[in-house]
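Engineer: Here it is: the structure, laid out below.
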Amino acid sequence: MYQKTVLPNGVRVVTSRMDHVRSASLILYFRVGSRYESDEQAGISHFLEHMVFKGTERRPDPIMLTQEIEGVGGILNAATSRESTNYWVKVPSAHLARAFDVLADMLRHSTFDPEELEKERFVIIEEIRGILDTPDDLIHDVIDELVWDGQSVGRPVIGSVETVSAITRDDLFTYLRTQYRPDRLVIAAAGDIHHEQVVELAEQYFGDLPASDVNTFVQAEVRQQEPRVRLLTRPTEQAHLCVAVPALPYTDDRRYVQDMIDAVLSSGMSSRLFQEIRERLGLVYEVYGYFREYADVGQGVVYAGTDPARVEQTIEAILREFDKLRREPVPADELERTKELRRGRIVMGLEDSRAVAGWIGSQEAVFGEILTPEEVMARIDAVTAEQIQELATELFRPDVLNLAIVGPYEADSHFRSLLHL
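Quick note on the numbering used here: the sequence shown kicks off at 1 and runs consecutively.
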(Lines of atoms letter the chains of each structure in order from A and count residues from 1; the text may use other names and numbers.)
(Lines give C-alpha, C1' and ligand atoms only; values in the text may rest on other atoms or scores of the structure.)
Protein backbone atom coordinates (compact mmCIF):
# COMPACT_ATOMS: atom_id res chain seq x y z
CA MET A 1 0.00 0.00 0.00
CA TYR A 2 1.18 3.52 -0.70
CA GLN A 3 -0.04 7.10 -0.45
CA LYS A 4 0.71 10.07 -2.69
CA THR A 5 0.51 13.85 -2.27
CA VAL A 6 1.54 16.55 -4.73
CA LEU A 7 2.80 19.77 -3.15
CA PRO A 8 1.65 23.11 -4.65
CA ASN A 9 5.01 23.58 -6.41
CA GLY A 10 4.79 20.17 -8.10
CA VAL A 11 6.98 18.06 -5.81
CA ARG A 12 5.49 14.56 -5.51
CA VAL A 13 5.55 12.74 -2.17
CA VAL A 14 4.95 8.98 -2.05
CA THR A 15 5.09 6.80 1.05
CA SER A 16 4.56 3.23 2.16
CA ARG A 17 4.16 2.30 5.80
CA MET A 18 5.82 -0.95 6.96
CA ASP A 19 4.57 -1.90 10.42
CA HIS A 20 7.15 -4.66 10.95
CA VAL A 21 10.29 -2.48 10.65
CA ARG A 22 11.85 0.20 12.83
CA SER A 23 13.76 2.00 10.10
CA ALA A 24 12.82 4.83 7.77
CA SER A 25 14.27 5.20 4.29
CA LEU A 26 14.06 8.49 2.43
CA ILE A 27 14.98 8.82 -1.25
CA LEU A 28 14.97 12.01 -3.32
CA TYR A 29 14.62 11.20 -7.01
CA PHE A 30 15.46 13.97 -9.45
CA ARG A 31 14.56 13.17 -13.05
CA VAL A 32 17.80 14.53 -14.47
CA GLY A 33 21.04 12.78 -15.36
CA SER A 34 23.80 12.60 -17.93
CA ARG A 35 21.40 12.70 -20.89
CA TYR A 36 20.54 16.27 -19.93
CA GLU A 37 24.13 17.46 -20.26
CA SER A 38 25.79 19.18 -23.20
CA ASP A 39 28.79 17.45 -24.77
CA GLU A 40 31.03 20.12 -23.24
CA GLN A 41 29.69 19.49 -19.72
CA ALA A 42 29.55 15.71 -19.86
CA GLY A 43 29.83 14.37 -16.32
CA ILE A 44 28.42 17.43 -14.54
CA SER A 45 25.44 15.48 -13.08
CA HIS A 46 27.83 13.03 -11.46
CA PHE A 47 30.22 15.81 -10.37
CA LEU A 48 27.33 17.67 -8.74
CA GLU A 49 26.21 14.52 -6.93
CA HIS A 50 29.71 14.27 -5.42
CA MET A 51 29.96 17.94 -4.53
CA VAL A 52 26.79 18.19 -2.45
CA PHE A 53 28.54 15.93 0.08
CA LYS A 54 31.40 18.44 0.47
CA GLY A 55 29.98 20.99 2.89
CA THR A 56 27.12 23.42 3.36
CA GLU A 57 26.64 26.81 4.98
CA ARG A 58 25.58 25.20 8.28
CA ARG A 59 27.88 22.19 7.99
CA PRO A 60 31.03 23.50 6.26
CA ASP A 61 33.16 20.45 7.09
CA PRO A 62 32.03 17.48 4.90
CA ILE A 63 32.40 15.07 7.79
CA MET A 64 29.64 16.93 9.63
CA LEU A 65 27.12 15.70 7.04
CA THR A 66 28.05 12.03 7.32
CA GLN A 67 28.44 12.15 11.09
CA GLU A 68 24.93 13.60 11.41
CA ILE A 69 23.52 10.41 9.83
CA GLU A 70 26.07 7.79 10.84
CA GLY A 71 25.99 9.09 14.41
CA VAL A 72 22.52 7.55 14.81
CA GLY A 73 23.42 4.36 12.91
CA GLY A 74 22.16 5.59 9.56
CA ILE A 75 23.44 5.37 6.00
CA LEU A 76 23.77 8.23 3.50
CA ASN A 77 24.54 7.81 -0.20
CA ALA A 78 23.64 8.84 -3.76
CA ALA A 79 23.81 7.66 -7.36
CA THR A 80 23.71 9.21 -10.83
CA SER A 81 22.38 7.55 -13.98
CA ARG A 82 21.54 8.73 -17.47
CA GLU A 83 18.03 9.91 -16.67
CA SER A 84 17.97 10.41 -12.90
CA THR A 85 19.97 11.25 -9.81
CA ASN A 86 18.94 10.04 -6.38
CA TYR A 87 20.02 10.84 -2.84
CA TRP A 88 19.04 8.52 -0.03
CA VAL A 89 19.20 8.09 3.72
CA LYS A 90 18.23 5.14 5.89
CA VAL A 91 17.91 5.85 9.61
CA PRO A 92 16.10 4.59 12.69
CA SER A 93 12.60 5.95 12.19
CA ALA A 94 12.86 8.34 15.13
CA HIS A 95 15.39 10.32 13.08
CA LEU A 96 13.37 10.86 9.89
CA ALA A 97 13.34 14.65 10.43
CA ARG A 98 17.14 14.58 10.68
CA ALA A 99 17.32 12.74 7.36
CA PHE A 100 15.21 15.45 5.70
CA ASP A 101 17.31 18.19 7.27
CA VAL A 102 20.62 16.76 6.07
CA LEU A 103 19.47 16.03 2.52
CA ALA A 104 17.80 19.42 2.16
CA ASP A 105 20.89 21.15 3.50
CA MET A 106 23.07 19.33 0.98
CA LEU A 107 20.85 20.03 -1.98
CA ARG A 108 19.86 23.58 -1.15
CA HIS A 109 22.77 25.09 0.75
CA SER A 110 25.96 23.47 -0.53
CA THR A 111 28.82 25.94 -0.85
CA PHE A 112 30.93 24.09 -3.44
CA ASP A 113 34.04 25.24 -1.62
CA PRO A 114 36.76 25.86 -4.26
CA GLU A 115 39.34 23.77 -2.41
CA GLU A 116 36.92 20.86 -1.99
CA LEU A 117 35.91 21.21 -5.63
CA GLU A 118 39.47 20.74 -6.86
CA LYS A 119 40.00 17.76 -4.56
CA GLU A 120 36.84 16.13 -5.80
CA ARG A 121 37.70 16.88 -9.43
CA PHE A 122 40.92 14.92 -8.91
CA VAL A 123 38.99 12.07 -7.23
CA ILE A 124 36.61 11.79 -10.20
CA ILE A 125 39.44 11.92 -12.72
CA GLU A 126 41.10 9.06 -10.84
CA GLU A 127 37.78 7.20 -10.98
CA ILE A 128 37.72 7.69 -14.76
CA ARG A 129 41.31 6.48 -15.05
CA GLY A 130 40.44 3.47 -12.94
CA ILE A 131 37.69 2.52 -15.40
CA LEU A 132 40.10 2.94 -18.32
CA ASP A 133 42.49 0.55 -16.58
CA THR A 134 39.78 -2.03 -15.82
CA PRO A 135 38.73 -3.75 -19.05
CA ASP A 136 35.70 -5.54 -17.61
CA ASP A 137 34.33 -2.12 -16.59
CA LEU A 138 35.52 -0.23 -19.65
CA ILE A 139 33.88 -2.61 -22.10
CA HIS A 140 30.41 -1.46 -20.99
CA ASP A 141 31.22 2.15 -21.83
CA VAL A 142 32.59 1.02 -25.18
CA ILE A 143 29.45 -0.90 -26.11
CA ASP A 144 27.22 2.04 -25.08
CA GLU A 145 29.18 4.41 -27.28
CA LEU A 146 29.08 1.96 -30.17
CA VAL A 147 25.32 1.31 -30.04
CA TRP A 148 24.39 4.98 -29.76
CA ASP A 149 27.02 6.38 -32.12
CA GLY A 150 27.79 9.77 -30.56
CA GLN A 151 24.39 10.43 -28.97
CA SER A 152 24.20 11.59 -25.36
CA VAL A 153 22.45 8.40 -24.24
CA GLY A 154 25.66 6.52 -25.07
CA ARG A 155 28.12 8.77 -23.22
CA PRO A 156 29.70 7.57 -19.98
CA VAL A 157 27.74 8.97 -17.04
CA ILE A 158 31.00 9.96 -15.36
CA GLY A 159 32.18 12.11 -18.30
CA SER A 160 35.75 12.28 -19.55
CA VAL A 161 38.98 13.66 -18.12
CA GLU A 162 38.69 16.62 -20.51
CA THR A 163 35.09 17.56 -19.66
CA VAL A 164 35.44 17.03 -15.89
CA SER A 165 38.60 19.14 -15.94
CA ALA A 166 36.68 22.04 -17.48
CA ILE A 167 33.60 22.14 -15.18
CA THR A 168 33.57 25.26 -13.01
CA ARG A 169 31.98 26.16 -9.69
CA ASP A 170 29.55 28.48 -11.49
CA ASP A 171 28.61 25.62 -13.83
CA LEU A 172 27.64 23.50 -10.83
CA PHE A 173 25.52 26.25 -9.26
CA THR A 174 23.76 26.90 -12.58
CA TYR A 175 23.09 23.22 -13.21
CA LEU A 176 21.72 22.71 -9.72
CA ARG A 177 19.46 25.76 -9.95
CA THR A 178 18.06 25.05 -13.41
CA GLN A 179 17.90 21.25 -13.57
CA TYR A 180 16.80 20.29 -10.04
CA ARG A 181 13.23 21.45 -10.63
CA PRO A 182 10.26 20.71 -8.33
CA ASP A 183 8.34 19.01 -11.14
CA ARG A 184 11.27 16.59 -11.52
CA LEU A 185 11.47 15.73 -7.82
CA VAL A 186 9.87 12.69 -6.23
CA ILE A 187 10.30 12.26 -2.48
CA ALA A 188 9.82 8.62 -1.50
CA ALA A 189 9.75 7.31 2.07
CA ALA A 190 9.07 3.85 3.46
CA GLY A 191 9.30 2.08 6.79
CA ASP A 192 8.06 3.03 10.23
CA ILE A 193 6.65 6.33 9.00
CA HIS A 194 3.34 8.13 8.56
CA HIS A 195 2.37 9.81 5.32
CA GLU A 196 1.23 13.04 6.97
CA GLN A 197 4.58 13.44 8.74
CA VAL A 198 6.51 12.92 5.51
CA VAL A 199 4.33 15.43 3.63
CA GLU A 200 4.81 17.98 6.40
CA LEU A 201 8.59 17.58 6.29
CA ALA A 202 8.62 17.67 2.48
CA GLU A 203 6.65 20.92 2.53
CA GLN A 204 8.98 22.38 5.16
CA TYR A 205 12.18 21.57 3.30
CA PHE A 206 11.20 21.52 -0.39
CA GLY A 207 7.85 23.30 -0.62
CA ASP A 208 9.52 26.51 -1.82
CA LEU A 209 11.84 24.85 -4.37
CA PRO A 210 11.69 27.27 -7.30
CA ALA A 211 10.50 26.29 -10.75
CA SER A 212 12.60 26.31 -13.92
CA ASP A 213 11.67 25.91 -17.57
CA VAL A 214 15.11 24.70 -18.70
CA ASN A 215 14.87 21.41 -20.60
CA THR A 216 18.03 20.04 -22.17
CA PHE A 217 16.93 16.43 -22.70
CA VAL A 218 18.01 15.22 -26.16
CA GLN A 219 15.84 12.63 -27.90
CA ALA A 220 17.71 9.54 -29.08
CA GLU A 221 17.13 7.53 -32.22
CA VAL A 222 18.20 4.18 -33.63
CA ARG A 223 20.32 4.97 -36.68
CA GLN A 224 21.96 1.61 -37.22
CA GLN A 225 21.57 -0.19 -40.56
CA GLU A 226 24.43 -2.70 -40.47
CA PRO A 227 26.49 -4.62 -37.88
CA ARG A 228 29.18 -2.67 -36.01
CA VAL A 229 32.42 -3.72 -34.33
CA ARG A 230 34.72 -1.72 -32.08
CA LEU A 231 38.04 -3.15 -30.91
CA LEU A 232 40.31 -1.70 -28.23
CA THR A 233 43.69 -3.36 -28.50
CA ARG A 234 45.07 -4.04 -25.02
CA PRO A 235 47.68 -6.57 -23.80
CA THR A 236 45.11 -8.31 -21.57
CA GLU A 237 45.22 -11.91 -20.37
CA GLN A 238 41.51 -12.22 -21.06
CA ALA A 239 39.31 -10.95 -23.88
CA HIS A 240 36.36 -8.90 -22.65
CA LEU A 241 33.41 -8.57 -25.01
CA CYS A 242 29.87 -7.26 -25.21
CA VAL A 243 27.29 -8.11 -27.84
CA ALA A 244 24.40 -5.63 -27.92
CA VAL A 245 21.26 -4.59 -29.79
CA PRO A 246 18.94 -1.58 -29.50
CA ALA A 247 15.83 -2.50 -27.51
CA LEU A 248 12.49 -1.19 -26.24
CA PRO A 249 12.11 1.90 -24.03
CA TYR A 250 10.32 1.62 -20.71
CA THR A 251 7.38 3.51 -22.24
CA ASP A 252 6.59 0.45 -24.42
CA ASP A 253 4.02 -1.87 -22.82
CA ARG A 254 6.03 -4.84 -24.10
CA ARG A 255 8.73 -4.10 -21.53
CA TYR A 256 7.42 -7.04 -19.48
CA VAL A 257 8.05 -9.32 -22.44
CA GLN A 258 11.51 -7.81 -22.82
CA ASP A 259 12.15 -8.38 -19.12
CA MET A 260 11.26 -12.05 -19.61
CA ILE A 261 13.76 -12.32 -22.46
CA ASP A 262 16.34 -10.88 -20.09
CA ALA A 263 15.40 -13.39 -17.39
CA VAL A 264 15.45 -16.40 -19.71
CA LEU A 265 18.88 -15.44 -20.99
CA SER A 266 20.57 -14.31 -17.81
CA SER A 267 18.74 -14.60 -14.48
CA GLY A 268 20.69 -16.90 -12.24
CA MET A 269 22.82 -20.00 -12.70
CA SER A 270 19.92 -21.83 -14.37
CA SER A 271 19.70 -19.25 -17.16
CA ARG A 272 20.52 -20.12 -20.76
CA LEU A 273 23.70 -18.06 -21.03
CA PHE A 274 25.19 -19.52 -17.85
CA GLN A 275 24.19 -23.10 -18.57
CA GLU A 276 25.28 -23.13 -22.21
CA ILE A 277 28.35 -20.91 -22.33
CA ARG A 278 29.87 -21.55 -18.90
CA GLU A 279 28.57 -24.95 -17.81
CA ARG A 280 28.20 -26.95 -21.04
CA LEU A 281 30.87 -25.34 -23.25
CA GLY A 282 33.22 -24.17 -20.49
CA LEU A 283 34.16 -21.05 -22.44
CA VAL A 284 33.96 -18.45 -19.67
CA TYR A 285 34.01 -17.85 -15.95
CA GLU A 286 31.62 -14.90 -16.15
CA VAL A 287 28.77 -14.33 -18.58
CA TYR A 288 25.62 -12.30 -18.04
CA GLY A 289 23.15 -10.06 -19.83
CA TYR A 290 21.06 -7.01 -19.03
CA PHE A 291 18.56 -4.65 -20.62
CA ARG A 292 18.68 -0.90 -20.05
CA GLU A 293 15.41 0.89 -20.71
CA TYR A 294 15.20 4.64 -21.19
CA ALA A 295 12.38 7.06 -22.00
CA ASP A 296 12.74 6.75 -25.77
CA VAL A 297 15.11 3.85 -26.51
CA GLY A 298 16.52 0.74 -24.88
CA GLN A 299 19.51 -1.54 -25.13
CA GLY A 300 20.13 -5.27 -24.59
CA VAL A 301 23.68 -6.37 -23.76
CA VAL A 302 25.50 -9.64 -23.09
CA TYR A 303 28.96 -9.55 -21.48
CA ALA A 304 31.53 -12.34 -21.40
CA GLY A 305 35.18 -12.64 -20.46
CA THR A 306 37.15 -15.46 -22.08
CA ASP A 307 40.52 -16.70 -23.23
CA PRO A 308 41.63 -14.62 -26.26
CA ALA A 309 41.95 -17.82 -28.29
CA ARG A 310 38.31 -18.71 -27.63
CA VAL A 311 36.67 -15.37 -28.26
CA GLU A 312 35.18 -16.39 -31.62
CA GLN A 313 33.56 -19.46 -30.06
CA THR A 314 32.12 -17.31 -27.30
CA ILE A 315 30.64 -14.76 -29.70
CA GLU A 316 29.10 -17.52 -31.79
CA ALA A 317 27.62 -19.17 -28.69
CA ILE A 318 25.98 -15.91 -27.60
CA LEU A 319 24.51 -15.37 -31.05
CA ARG A 320 23.16 -18.93 -31.08
CA GLU A 321 21.23 -18.14 -27.91
CA PHE A 322 19.79 -15.04 -29.57
CA ASP A 323 18.80 -17.09 -32.61
CA LYS A 324 17.29 -19.87 -30.49
CA LEU A 325 14.88 -17.35 -28.94
CA ARG A 326 13.84 -16.31 -32.45
CA ARG A 327 13.42 -19.84 -33.80
CA GLU A 328 11.89 -21.76 -30.91
CA PRO A 329 9.20 -20.83 -28.38
CA VAL A 330 10.40 -21.02 -24.79
CA PRO A 331 9.16 -24.39 -23.44
CA ALA A 332 6.26 -24.16 -21.00
CA ASP A 333 8.21 -25.58 -18.05
CA GLU A 334 11.14 -23.19 -18.57
CA LEU A 335 8.77 -20.24 -18.95
CA GLU A 336 6.99 -21.08 -15.71
CA ARG A 337 10.30 -21.56 -13.84
CA THR A 338 11.50 -18.18 -15.06
CA LYS A 339 8.26 -16.49 -14.04
CA GLU A 340 8.49 -18.08 -10.60
CA LEU A 341 12.09 -16.85 -10.31
CA ARG A 342 11.00 -13.30 -11.12
CA ARG A 343 8.08 -13.45 -8.69
CA GLY A 344 10.38 -14.69 -5.94
CA ARG A 345 12.98 -12.00 -6.60
CA ILE A 346 10.30 -9.29 -6.36
CA VAL A 347 8.94 -10.63 -3.07
CA MET A 348 12.37 -11.10 -1.47
CA GLY A 349 13.58 -7.77 -2.78
CA LEU A 350 10.93 -5.82 -0.88
CA GLU A 351 11.78 -6.91 2.66
CA ASP A 352 13.76 -3.74 3.41
CA SER A 353 12.49 -0.16 3.84
CA ARG A 354 15.01 1.21 1.36
CA ALA A 355 13.90 -1.33 -1.26
CA VAL A 356 10.26 -0.36 -0.78
CA ALA A 357 11.08 3.35 -0.99
CA GLY A 358 12.99 2.58 -4.18
CA TRP A 359 10.03 0.61 -5.58
CA ILE A 360 7.48 3.38 -5.10
CA GLY A 361 9.84 6.29 -5.81
CA SER A 362 11.31 4.96 -9.03
CA GLN A 363 7.91 4.01 -10.45
CA GLU A 364 6.44 7.40 -9.64
CA ALA A 365 9.47 9.19 -11.09
CA VAL A 366 9.54 7.11 -14.27
CA PHE A 367 5.91 6.26 -14.99
CA GLY A 368 3.91 8.73 -12.92
CA GLU A 369 2.04 5.78 -11.38
CA ILE A 370 2.88 3.04 -8.91
CA LEU A 371 2.02 -0.59 -9.50
CA THR A 372 1.85 -2.95 -6.55
CA PRO A 373 4.05 -6.06 -6.58
CA GLU A 374 0.92 -8.10 -7.24
CA GLU A 375 0.08 -5.99 -10.30
CA VAL A 376 3.59 -6.34 -11.67
CA MET A 377 3.56 -10.10 -11.08
CA ALA A 378 0.23 -10.35 -12.89
CA ARG A 379 1.79 -8.66 -15.92
CA ILE A 380 4.73 -11.05 -15.75
CA ASP A 381 2.33 -14.01 -15.58
CA ALA A 382 0.53 -12.73 -18.67
CA VAL A 383 3.64 -12.96 -20.88
CA THR A 384 3.40 -15.83 -23.39
CA ALA A 385 6.04 -17.85 -25.22
CA GLU A 386 4.66 -16.49 -28.48
CA GLN A 387 5.18 -12.89 -27.34
CA ILE A 388 8.76 -13.68 -26.34
CA GLN A 389 9.50 -15.26 -29.71
CA GLU A 390 7.89 -12.38 -31.59
CA LEU A 391 9.86 -9.73 -29.71
CA ALA A 392 13.10 -11.72 -29.95
CA THR A 393 12.64 -11.80 -33.72
CA GLU A 394 12.19 -8.03 -33.71
CA LEU A 395 15.19 -7.31 -31.47
CA PHE A 396 17.81 -9.84 -32.53
CA ARG A 397 18.42 -8.88 -36.13
CA PRO A 398 21.77 -9.02 -37.98
CA ASP A 399 21.56 -5.39 -39.10
CA VAL A 400 21.50 -4.06 -35.51
CA LEU A 401 24.13 -6.31 -33.93
CA ASN A 402 27.00 -4.56 -32.13
CA LEU A 403 30.21 -6.12 -30.86
CA ALA A 404 32.77 -4.44 -28.61
CA ILE A 405 36.01 -6.18 -27.61
CA VAL A 406 38.90 -5.27 -25.36
CA GLY A 407 41.78 -7.65 -25.91
CA PRO A 408 45.13 -8.48 -27.51
CA TYR A 409 44.03 -8.22 -31.14
CA GLU A 410 45.29 -6.07 -33.98
CA ALA A 411 42.30 -5.88 -36.32
CA ASP A 412 38.54 -6.21 -36.09
CA SER A 413 37.83 -7.40 -39.64
CA HIS A 414 37.52 -11.09 -38.81
CA PHE A 415 35.14 -10.33 -35.92
CA ARG A 416 32.76 -8.50 -38.23
CA SER A 417 32.20 -11.69 -40.23
CA LEU A 418 30.84 -13.39 -37.09
CA LEU A 419 27.90 -10.98 -36.72
CA HIS A 420 25.12 -12.91 -38.38
CA LEU A 421 22.04 -14.81 -37.22
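We put the beta carbon where it would ideally sit given N, CA and C, even for glycine. Just so you know, these numbers come straight off a predicted model, no measurement behind them.
Who are Y290's beta bridge partners in DSSP?
Structural biologist: For Y290, which the question treats as bridged, DSSP gives the partners V301.
Engineer: Return yes when the Cβ of L283 is within less than 7 Å of the Cβ of L273, no when it is not.
Structural biologist: It is not a contact, given that the beta carbons lie outside the stated cut-off.
Engineer: Under 7 Å between the Cβ atoms of G368 and A188?
Structural biologist: The answer is no: Cβ separation not under 7 Å.
Engineer: Applying the 10 Å Cβ sphere with the 16-neighbour rule, what's the burial state of E120?
Structural biologist: E120 is buried by the Cβ-count criterion.
Engineer: Helix, strand or coil: which one does DSSP assign to A190?
Structural biologist: Strand, per DSSP.
Engineer: Would you identify the three-state DSSP class for L26, choosing helix, strand or coil?
Structural biologist: Correct three-state label for L26: strand.
Engineer: Cβ-heavy atom distance between A411 and the ligand FMN below 6 Å?
Structural biologist: For the structure depicted, the ligand FMN is absent and the ligand set is empty, with no information on it obtainable.
Engineer: Compare the Cα-Cα distances from D137 to each of A365, H240, N402 and V297 and report the closest residue.
Structural biologist: Closest by alpha carbon: H240.
Engineer: Quick one, which of I193, D183, V222 and I131 has its alpha-carbon nearest V153's?
Structural biologist: Considering only alpha carbons, the answer is V222.
Engineer: Specify the secondary structure class of A404 as computed by DSSP and reduced to three states.
Structural biologist: In the structure shown, A404 sits in a strand (DSSP, three-state: E or B).
Engineer: Who does Y87 pair with in a DSSP beta bridge?
Structural biologist: Y87 is bridged to L28 and A78.
Engineer: Can you give me the C-alpha to C-alpha distance between V91 and S23, rounded to a whole angstrom?
Structural biologist: Going by the C-alpha atoms only, they are around 6 Å apart.
Engineer: Cutting at 7 Å between CB atoms, please list the residues of its own chain near L433, excluding the five before and the five after it.
Structural biologist: An answer regarding residue 433 cannot be provided, because it is not within the stretch 1 to 421 covered by the chain.
Engineer: How would you write the range of the beta strand (DSSP E) that V229 sits in, first residue to last?
Structural biologist: Its beta strand (DSSP E) spans residues R228 to T233.
Engineer: Can you tell me which of I139, I63 and F30 puts its alpha carbon nearest to the alpha carbon of A79?
Structural biologist: Among I139, I63 and F30, the Cα nearest to that of A79 belongs to F30.
Engineer: Tell me where the alpha helix (DSSP H) around K54 begins and ends.
Structural biologist: Run containing K54: none; DSSP gives neither H nor E here.
Engineer: Return the CA-CA distance between I128 and A411, expressed in angstroms with no decimal places.
Structural biologist: Looking at the two C-alpha atoms, the distance is approximately 26 Å.
Engineer: My understanding is that S38 touches S45, with C-beta atoms under 8 Å, so please give their C-beta distance in whole angstroms.
Structural biologist: No, S38 and S45 are not in contact; Cβ-Cβ is about 11 Å, not under 8 Å.
Engineer: With the cut-off set at 7 Å, would you say L76 and T85 are in Cβ contact?
Structural biologist: No. Outside cutoff.
Engineer: With a cut-off of 8 Å on the beta carbons, I'd call V245 and V406 a contact; round off their distance for me.
Structural biologist: At roughly 19 Å, the Cβ-Cβ gap does not stay under 8 Å, so V245 and V406 are not in contact.
Engineer: Ordered along the chain, which non-local residues of its own chain (more than five positions away) have a Cβ less than 6 Å from that of P235?
Structural biologist: For P235, where only same-chain residues beyond five positions count, the Cβ hits under 6 Å are P408.
Engineer: Please report the Cβ distance between G298 and P249, rounded to the nearest whole angstrom; I am assuming they are in contact, meaning their Cβ atoms lie under 8 Å.
Structural biologist: Yes, they are in contact, since the Cβ atoms of G298 and P249 sit about 5 Å apart, within 8 Å.
Engineer: So H195 is in the alpha helix (DSSP H); what residue range does that whole segment cover?
Structural biologist: H195 to F206 is the span of the alpha helix (DSSP H), which, as asked, contains H195.
Engineer: Helix, strand or coil for P60, going by three-state DSSP, please let me know.
Structural biologist: Looking at P60 - three-state DSSP - the assignment turns out to be coil, as it is neither helix nor strand.
Engineer: Taking only three categories from DSSP, how would you classify Y285?
Structural biologist: Here Y285 sits in strand by DSSP.
Engineer: Would you mind sorting V347 into buried or exposed? The rule is 16 or more other CB atoms within 10 Å of its CB.
Structural biologist: Exposed, since its Cβ has fewer than 16 Cβ neighbours within 10 Å.
Engineer: Residues bridged to Q3 by DSSP?
Structural biologist: Q3 is bridged to T15.
Engineer: By the DSSP assignment, the beta strand (DSSP E) with H420 in it spans what residues?
Structural biologist: Unbroken run through H420: none, as it is neither H nor E.
Engineer: Label Y285 either buried or exposed according to how many other C-beta atoms from any shown protein chain fall within 10 Å of its C-beta, with 16 as the threshold for buried.
Structural biologist: The residue is exposed, with fewer than 16 neighbouring Cβ atoms inside 10 Å.
Engineer: The alpha helix (DSSP H) that contains A247, what's its start and end?
Structural biologist: Run containing A247: none in the alpha helix (DSSP H); it sits in the beta strand (DSSP E), A239 to A247.
Engineer: Is it a yes or a no for the region 3 to 15 touching the region 180 to 194, going by three-plus beta-carbon pairs under 8 Å?
Structural biologist: Verdict: yes, contact present.
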